[in-house]
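**Student:**
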Amino acid sequence: MTSLKPLLKSPARLISLGLMLVSAAYLVLGEKPGAALEAARALKTAGGKPDLGQSVTIGLYFGFAVALVGSLGLLTTARWWDRPLMKPPRIQAIGSGISGRVFWIGVVGAMVLAGGLRWNLARGSLWWDELWNIKYTMVGNFRPDARKDGALVFREAPWEMTVWHYSKPTNHPPMAVASRLSLDAWREISGGMSGSFNEVAARLPSLLAGLATMVVVALLLREWGFGAGGLVAAFLIAIHPWHIRYGTEARAYSLIVLCVALGCFFLTRALRSGAWRWWILFGMNQFLLIWTLPISCLFSAGFFAAAVVLVFRTWREQKDRWAALGRLVVVNVVAGLAFLVVFLPNLLQAMGWGKVNDHQYLTQGLLVDTLCQFAFGIARHWGESEDAAGLVSVERMRVAYPVLFAMTALSMGAALVWGAVLLWRKARAGAVVFGFLLAAGVGYLLLTWKLEQHFYPRYLIYLFVPGVACVAVGAGEAVRSAKWKPLVAGVFLLIFAHFTWPQTRLLNTRSYAPFREVAGAARDLAGPDGMIACHGLGGRVISMYDKEILFTNSLPELKAVTKKAEWKGKSLYLIVGYREFNATHEGAGDGFVLIDDPSLFEQVAAFRGIEDLFYFRIYRYLPNAG
């Protein structure tokens, strides 16, 4: 009985024991991988790929096998890493410089403002990536059933698809799980039919994560002694167009930003108290971070490296340093083992991707665009085509409002530098963590460039929290006088809000991409008996808004649809989006020989989104022309 006391008193030992027992139980009771391995080898020999079920069976078995060995190793070595840890002597309470009442009133006000600025996007049409997940991982889709003469029958997406479908990196499992649960609750409450979905319900987890980020960043800066900076950060996140966009969509980027903020907060508390609960929360956050997006491993490594440095800086006694390092290593090992269990099936699928076919690689111009998105939430440049009309760019704003642009850029730059200086002087731990996260971001850019991987600015959204925090500290703590702080911070926020308002207004008047709007308009034009087709990219997912919409991706397929409409004597309306991509895409591009012929297709409507690629046109087919 005495031997059980250390186990019962140590939460880390209990977690390790739980992981060991679950792993052992699965290895004994779960499906064995023998048949799946043989089938996968046969498929590979025939030039195919293992199916999802085989990947899950193989991945879970070997994932749990590694977890069993790892958890046994942790329990065996517990006497070395599970040691008493004194509370750090160097940590002192730091005044936040602002009353709790004012702080919370301001944070709640920022959240209300944020909710209002995000509502239009939250209820607007889903865009391609979101609809792909609705179709394959969250809801399901309608498919022809040969047993019912080709009639469309709804097939629900199994939970196996929600957690492990990884034919492409479009599925972010934690957000897919959260959105699916939200959609299930919406259908239960509203009485929605199987296969129905609601945009707000799908995006609710992302929206809540975005609102929570404001609270966590504000608390983090207050914890570091910058109460005013915390309030400025909450309002800056609320009005920042980049976060309005990615803090809303049913994708993982809002969750990533929250995880970065939580990682900073949990690590700060762990270093200040040494308590197991904060180390465990830090480890859980590391797990969620890398499970959400695998590229997060670089940033979780940044957190780990920063923690190692700060452990040596925080504790004077060598025994305490080793005890703290033991806790840090153990929670990260457990996080890694848990990640391997849940994600190994996905990794097995990823091994069959080959080179990702994408047109966007890291260039100097794209890097500048990323900086513009970070600073203002506005793209650097849009072309002069009809598709880009009405879009906001930094270049256009600089030419149209040179004084306002200079004021905004200078105030942002000055606040960033001064905030970094203040962090280094007064909250060295925060500066160290942010520094390692920045190093991870630079490392990711170098790897992306060297390996020629596709890149979008949102892939660096991990650095949004460090950037906003530094700017907010610089603006909120620009002067020492408590009397002048609100004025200086308020002027800064007004300048930023004024410069970014055209982009904010755009986000509050358009959907991401008008899939819902264009599908509805095409149905109104075609009538209940007319035919609708969508050509190229976008055609497979728009059917989630109208299951009768056909898909064409080549010249022969487009010709076949026009012939079918003529033969049946039905009107035909063709939807085309992503014009630049589709026109240059092998296969879909050939179809524009017909689409661009004014004697065959007449444009009758157009709908805009928040990017030039999201401009959709509706054409009417002219079968009797000439």
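In terms of the numbering used here, the sequence shown is residues 5 to 630. Ideal Cβ placement from N, Cα and C applies to all residues, glycine included.
#1: I need the boundaries of the alpha helix (DSSP H) containing L510, first residue and last residue.
#2: Pair every Cβ in the region 496-508 with every Cβ in the region 250-258, then say whether three or more of these pairs are closer than 8 Å.
#3: Do G77 and L341 come within 7 Å of each other at the CB atom, strictly closer than that value?
#4: Identify every run of the alpha helix (DSSP H) within the region 101-149, keeping only runs that are complete inside it and at least 4 residues long; order them along the chain.
#5: Along the chain, where does the beta strand (DSSP E) that runs through L156 open and close?
#6: Please state whether the Cβ-Cβ distance between V60 and P349 is less than 7 Å.
#7: Under 7 Å, do Y549 and E456 count as touching if we go by C-beta distance?
#8: Here's the rule I'm using: 16 or more other beta-carbon atoms within 10 Å means buried, otherwise exposed. How should A393 be labelled?
#9: Rounding to the nearest angstrom, what Cα-Cα distance links P602 and A526 in this structure?
#10: So for A431, helix, strand or coil by DSSP?
#11: Give, in chain order, every unbroken run of the alpha helix (DSSP H) that is at least 4 residues long and sits entirely within the region 387-436.
#12: Ends of the beta strand (DSSP E) at F611?
#13: Specify, as a first and last residue, the run of the alpha helix (DSSP H) that F201 falls within.
#14: In the DSSP assignment, the beta strand (DSSP E) including V580 goes from what residue to what residue?
#15: Does I382 pass the burial test, meaning 16 or more other C-beta atoms within 10 Å, or should it be called exposed?
#16: Which ranges does the beta strand (DSSP E) cover as unbroken runs of at least 3 residues, wholly within the region 47-96, from first to last along the chain?
#17: Suppose you measure from the CA of Y516 to the CA of G287; what does that come to, to the nearest Å?
#18: Is R514 helix, strand or coil when you go by DSSP?
#19: Under the three-state reduction of DSSP, which class applies to A265: helix, strand or coil?
#20: Restricting to runs no shorter than 4 residues, where is the alpha helix (DSSP H) found entirely within the region 523-588?
#21: Quick check: the Cα distance between F291 and L285, rounded to an integer number of angstroms?
#22: Taking all protein chains shown into account, do 16 or more other C-beta atoms lie within 10 angstroms of the C-beta of G542, making it buried, or fewer, making it exposed?
#23: Decide if I193 is buried, meaning its Cβ has at least 16 other Cβ atoms within 10 Å, or exposed.
#24: Output the distance between the C-alpha atoms of A50 and A44, rounded to the nearest integer angstrom.
#25: Please classify I109 as buried or exposed, where buried requires at least 16 other C-beta atoms within 10 Å of its C-beta.
#26: Using the Cα positions of L226 and A310, report the straight-line distance between them to the nearest angstrom.
#27: Excluding the 5 residues preceding and the 5 following T174 in the sequence, name in chain order all residues of the same chain whose CB lies nearer than 8 Å to its CB.
#28: Which residues share a DSSP beta bridge with Y625?
#29: How many Å lie between S27 and F409 at the Cα?
#30: Measure the CB-CB distance between F554 and V565 and report whether it falls below 7 Å.
#31: When the Cβ atoms of the region 327-338 are set against those of the region 77-86, are three or more pairs found closer than 8 Å?
#32: Rounding to the nearest angstrom, what Cα-Cα distance links N145 and G199 in this structure?
#33: For V106 and G113, I'd like the C-alpha separation in whole angstroms.
#34: Which value, in whole angstroms, describes the spacing of the CA atoms of E521 and W163?
#35: Within the 7 Å Cβ cut-off, does L223 reach chain C?
#36: Taking its Cβ as the centre, do 16 or more other Cβ atoms sit within 10 Å of D528, making it buried, or is it exposed?
**Tutor:** Straight from the coordinates:
#1: K489 to L511
#2: no
#3: Taking a C-beta distance under 7 Å as the contact criterion, L341 and G77 do not qualify as a contact pair.
#4: 104-127 and 132-137
#5: A155 to E160
#6: Cβ distance < 7 Å, so V60 and P349 count as in contact.
#7: no
#8: exposed
#9: 19 Å
#10: coil
#11: 398-404 and 406-430
#12: It spans F605 to F611 - the beta strand (DSSP E) in which F611 sits, taken as one unbroken run.
#13: First-last for F201: undefined, no H or E at that position.
#14: L576 to V580
#15: buried
#16: none
#17: 35 Å
#18: coil
#19: helix
#20: The region 523-588 contains these whole alpha helix (DSSP H) runs: 559-572 and 583-588.
#21: In a straight line, the C-alpha of F291 is about 10 Å away from that of L285.
#22: buried
#23: exposed
#24: Here the alpha carbons of A44 and A50 stand approximately 10 Å from one another.
#25: exposed
#26: Here residue 226 turns out to be Arg, not Leu, going by the sequence shown. Rounded to the nearest angstrom, the two C-alpha atoms are 20 Å apart.
#27: D133, W136 and N137
#28: In the DSSP assignment, Y625 forms a beta bridge with F605.
#29: 57 Å
#30: One detail in the question is off: residue 554 reads as Leu in this sequence, not Phe. A contact, by the Cβ cut-off of 7 Å.
#31: yes
#32: 7 Å
#33: If I take the Cα positions, the gap works out to 11 Å.
#34: 30 Å
#35: Of the protein chains in this structure there is only one, and it is not chain C.
#36: exposed
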